[in-house]
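Peer 1: Got a structure here, written out as structure tokens. Questions coming.
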Ligand code: SF4
């Protein structure tokens, strides 16, 4: 028997209303939401990918990217097909935008066993959009939490506040993709809205989840100084300790803008560095912007080569060069 989804309501004439994400779908019998993860099956909303994975790998936690969370540790990383955003530049479009991608069966217990065998710090729900895989993410996160393992979300942050509040007590860390501070960018390029993403980021932070933010810089779309400054201001208002990752774009799916020049990444880092203590560069052929550097004395605190991090902090997480305490979650 198919299990029912969470966060939906029956309507008249066999229709259902989805209360999971801000798209607020009303689905007729047999219809699937644009996220490709939830369907109206005979008047009941069902999750299409419960217990199914399209991708599983053991990655360095730095690859999520999380630079201030168990540096140097591996993390089991899994995904199901689907996403509630439809970003023209999606770098993982082959799984996020294809609800029919081939999947394999799994279970929370099987994933816990895999994580244990790989000495993983826990599990990362990543690659596509985990928030619309809600039921399986929640059940799996409960199983990992019960075993003392960590739960990580790599997400677009596009969920309604009530279901997010249900999930957050189980989540240890998140990297939220903040694509732009321009609502028009979200509407035109991602088929979504900005405000729910900002609200979700505030909610992650208020819940005490370890939070890092990623911004993919796309030439001609979100890479002007004023656009970068607005995003930096938003993060700095939450906390100057929050790590911000600027990531380089490469042409993918429906967008064919030129790849992000290194100069743009360096300019963004310089702008952000005026207000934020930890700014990183990713997805680019440069060693710049990888290390964690003490904001007080400039000593390298976590040295990274590729995605591998070597944590040089001394007692109680202090900088090796001065008494500053560097905010990193680690055992
Ligand atoms: S989760 Fe999917 S079905 Fe539900 S409102 Fe969002 S896009 Fe629609």
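Numbering (the numbering used here), first residue to last: 1438 to 1768.
Backbone N, C-alpha and C define an ideal beta-carbon position, used for all residues, glycine too.
Note that the structure is predicted; figures quoted are calculated from it, not measured.
#1: Can you find the residues in the same chain that come closer than 6 Å, C-beta to C-beta, to residue 1628, ignoring five residues on each side of it along the sequence?
#2: Between residue 1475 and the ligand SF4, is there a pair consisting of the residue's CB and a ligand heavy atom that are separated by less than 7 Å?
#3: For a quick check, are the C-beta atoms of residue 1795 and residue 1703 less than 8 Å apart?
#4: In angstroms with no decimal places, state the Cα-to-Cα distance between residue 1454 and residue 1486.
#5: Roughly how far, in whole angstroms, is the beta-carbon of residue 1515 from the beta-carbon of residue 1490, given that I think they are within contact range, below 8 Å?
#6: Return the CA-CA distance between residue 1477 and residue 1492, expressed in angstroms with no decimal places.
#7: What whole-angstrom Cβ distance do residue 1626 and residue 1578 have, given they're in contact under 8 Å?
#8: Once you ignore the five residues that flank residue 1597 on each side, which residues in its own chain have a CB closer than 8 Å to its CB?
#9: Is it the case that the segment 1692–1700 contacts the segment 1729–1740, given that we only count it when at least three CB pairs across the two stretches are under 8 Å?
#10: What alpha helix (DSSP H) runs, 4 residues minimum, are completely inside the segment 1472–1544?
#11: Would the segment 1708–1715 and the segment 1739–1759 be scored as touching if the rule is three or more Cβ pairs under 8 Å?
#12: Looking only at its chain, what residues have a beta carbon closer than 8 Å to the beta carbon of residue 1507, apart from the 5 residues adjacent to it on each side?
#13: When DSSP builds the beta bridges, which residues end up paired with residue 1717?
#14: Which of helix, strand or coil does DSSP assign to residue 1576?
#15: Is residue 1461 near the ligand SF4, in the sense that its beta carbon is under 7 Å from a heavy atom of that ligand?
#16: Just checking residue 1601 against the ligand SF4 - is the residue's beta carbon closer than 7 Å to any of the ligand's heavy atoms?
#17: Where residue 1708 and residue 1670 are concerned, what is the direct C-alpha to C-alpha distance, given to the nearest angstrom?
#18: When you compare only the Cα positions, how much space is there between residue 1572 and residue 1600?
#19: Got a sec, what are the start and stop residues for the beta strand (DSSP E) residue 1746 sits in?
#20: State the DSSP-derived secondary structure class of residue 1652, mapped to helix, strand or coil.
#21: At the level of alpha carbons, what is the spacing between residue 1461 and residue 1442?
#22: Can you tell me which of the three DSSP states residue 1691 falls into?
Peer 2: On the basis of the coordinates in this document:
#1: 1523
#2: yes
#3: Only positions 1438 to 1768 of the chain appear in the structure, and residue 1795 is not among them; the question remains open.
#4: 19 Å
#5: 5 Å
#6: 25 Å
#7: Contact flag wrong, Cβ pair sits at about 30 Å.
#8: 1444, 1456, 1457, 1458, 1459, 1633
#9: no
#10: 1530–1533
#11: no
#12: Same-chain partners within the cutoff: 1498, 1558, 1587, 1766, 1767, 1768.
#13: 1682
#14: In this structure, residue 1576 counts as helix in the three-state DSSP scheme.
#15: yes
#16: no
#17: 10 Å
#18: So the alpha carbons of these two residues sit roughly 10 Å apart.
#19: 1745–1748
#20: strand
#21: 15 Å
#22: coil
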